[in-house]
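I have placed the structure first, in the form of structure tokens, so that the comments after it can refer back to it.
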Amino acid sequence: MKFHLIASGSKGNCFVLQEGNRTIVIDCGSTKKYLVSSFERLGLSFNDVDLLLISHDHTDHISQLKLFSNSLVYSPVALKNREDAKIINPSTFFSVDNMKVTTIPLSHDAERTVGFVFQTYNEKLVYITDTGYINTSHISLLYDADYIIIESNHDTEMLMKCNRPYFIKSRISSDYGHLNNEDCAYTLEAIVTSNTKEIILAHISQDANTYEKALSVNVNHLLKTKKEDLNKNLRMVAAQQFEIVSGGLRYEKVDNCSSLSFTNMEWIYNL
């Protein structure tokens, strides 16, 4: 597997997964200009996309549906601009060639929201964003993934102090909102194993969090709770709203990088 997180946050979301000869996209939010330029940078064409998966129908996840007019679309809800979209139910699975795709029910203020687990015979990728919490009954499905893309949306104290209206703060911090840094860290504690090679922290708030804070909370919690169980070259990245983060291909060992480094919003654990 290899992947590219193209956009992640309240201004747009798009994720590309490539496995074998297949290209799968999760969500298509953001501006047309940004998505077009990002695909060009990656050497991709919208015509190359075999399947577009929709996590939920909020605008920041579906605004550029028209760019994927030649792709199959799977969605947990009916879509106004793609009446041909196939409805996928939570807690079900389907196959793309030899890859199993499982839908994970999430808790968000949309009609239906799902996350995804992609699994081949030797690799597993988890994609979870836009959820107020993660049900403990789903931990076993998320456990022991090679690659984890997970929401670390806000710092609770910063959220309460920011200038957003109270009702929005209440929504974000509710069970139907977004995952905070601490809850993300506890989830990672439950699902990360020595097989986990890369963790991408996604959907990070630009006014109720910082990339450095999201990274430090999650890194420090893992070092505190399961240092001996971590992959010795574990990579964690705090994804910025409009900055492509690529992964999935094994990164070469980086020397002298056993401490936190925020230059590129990235940390690599190296013993």
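Be aware that the sequence shown starts at 173, since it is given in this note's numbering, and climbs by one per residue. Using N, Cα and C, we set each Cβ at its ideal position, and we do this for glycine too.
Is residue j closer than 8 Å to residue i when the C-beta atoms are compared?
i, j, result
"Ser279", "Ile416", "no"
"Gly201", "Asn219", "no"
"Thr359", "Asn403", "no"
"Phe187", "Tyr299", "yes"
"Thr285", "Pro248", "yes"
"Asn353", "Asp379", "no"
"Leu373", "Ile440", "no"
"Glu283", "Asp222", "no"
"Ile276", "Ile320", "no"
"Leu207", "Leu224", "no"
"Val389", "Ala411", "no"
"Lys204", "Leu251", "no"
Helix, strand or coil: which one does DSSP assign to residue i?
i, result
"Met332", "helix"
"Ile344", "helix"
"Ser433", "Confidence at Ser433 is low in this model, with a pLDDT of 40, below 50, so its placement is unreliable and no value can be given for it."
"Val221", "coil"
"Gly184", "coil"
"Arg409", "The sequence as given places Val at residue 409; Arg does not occur at that position. In the structure shown, Val409 sits in a strand (DSSP, three-state: E or B)."
"Tyr305", "coil"
"Pro337", "coil"
Spell out whether any CB of chain B is found under 8 Å from the CB atom of residue i.
i, result
"Cys334", "Given the protein chain composition of this structure (a single chain), no chain B is represented."
Please report the residue range of the alpha helix (DSSP H) in which residue i lies.
i, result
"Asp199", "Here Asp199 belongs to no alpha helix (DSSP H); instead the beta strand (DSSP E) covers 194 to 200."
"His233", "231 to 234"
"Val208", "204 to 213"
"Leu313", "311 to 314"
"Ala362", "353 to 363"
Nearest CA to the CA of residue i: which residue from the options?
i, options, result
"His233", "His375, Tyr441, Trp439, Asn381", "His375"
"Ile196", "Glu329, Thr303, Ser227", "Ser227"
"Pro262", "Asn307, Tyr383, Leu177, Ser388", "Asn307"
"Leu421", "Glu370, Thr301, Ser243", "Glu370"
"Asn303", "Val389, Asp347, Val245", "According to the sequence displayed, residue 303 carries Thr and not Asn. Checking every option, the nearest Cα to that of Thr303 belongs to Asp347."
"Met330", "Val389, Arg407, Thr382, Lys204", "Thr382"
"Ser267", "Ala410, Ala257, Phe288", "Phe288"
"Gln236", "Asp281, Gln190, Ala179, Lys398", "Ala179"
"Met271", "Ile260, Thr292, Asp281", "Thr292"
"Tyr246", "Thr231, Lys258, Gln190", "Lys258"
Could you please give the first and the last residue of the uninterrupted beta strand (DSSP E) stretch that includes residue i?
i, result
"Ser247", "244 to 247"
"Lys272", "271 to 277"
"Leu395", "From DSSP, Leu395 is part of no beta strand (DSSP E) but of the alpha helix (DSSP H) over 383 to 398."
"Glu415", "Segment: none, Glu415 is in no beta strand (DSSP E) and carries neither H nor E."
"Leu373", "370 to 374"
"Lys238", "Note, Lys238: premise wrong, no beta strand (DSSP E); not H, not E."
"Glu255", "Element bounds for Glu255: n/a, residue is neither H nor E."
"Glu323", "319 to 323"
"Tyr296", "It should be pointed out that residue 296 corresponds to Lys in this sequence rather than to Tyr. Unbroken beta strand (DSSP E) run through Lys296: 296 to 300."
"His280", "No beta strand (DSSP E) contains His280, which DSSP labels as neither H nor E."
Since residue i contacts residue j with CB under 8 Å, what's their CB separation in whole angstroms?
i, j, result
"Leu297", "Ser324", "With 8 Å as the limit, Leu297 and Ser324 do not qualify as a contact, their Cβ atoms being about 17 Å apart."
"Gly192", "Asp269", "6 Å"
"Ser418", "His176", "5 Å"
"Glu361", "His393", "6 Å"
"Asp401", "Ser366", "6 Å"
At a threshold of 7 Å, does residue i count as lining the ligand ADP (C-beta to nearest heavy atom)?
i, result
"Glu191", "For the ligand ADP, the structure offers nothing, since it holds no ligand at all."
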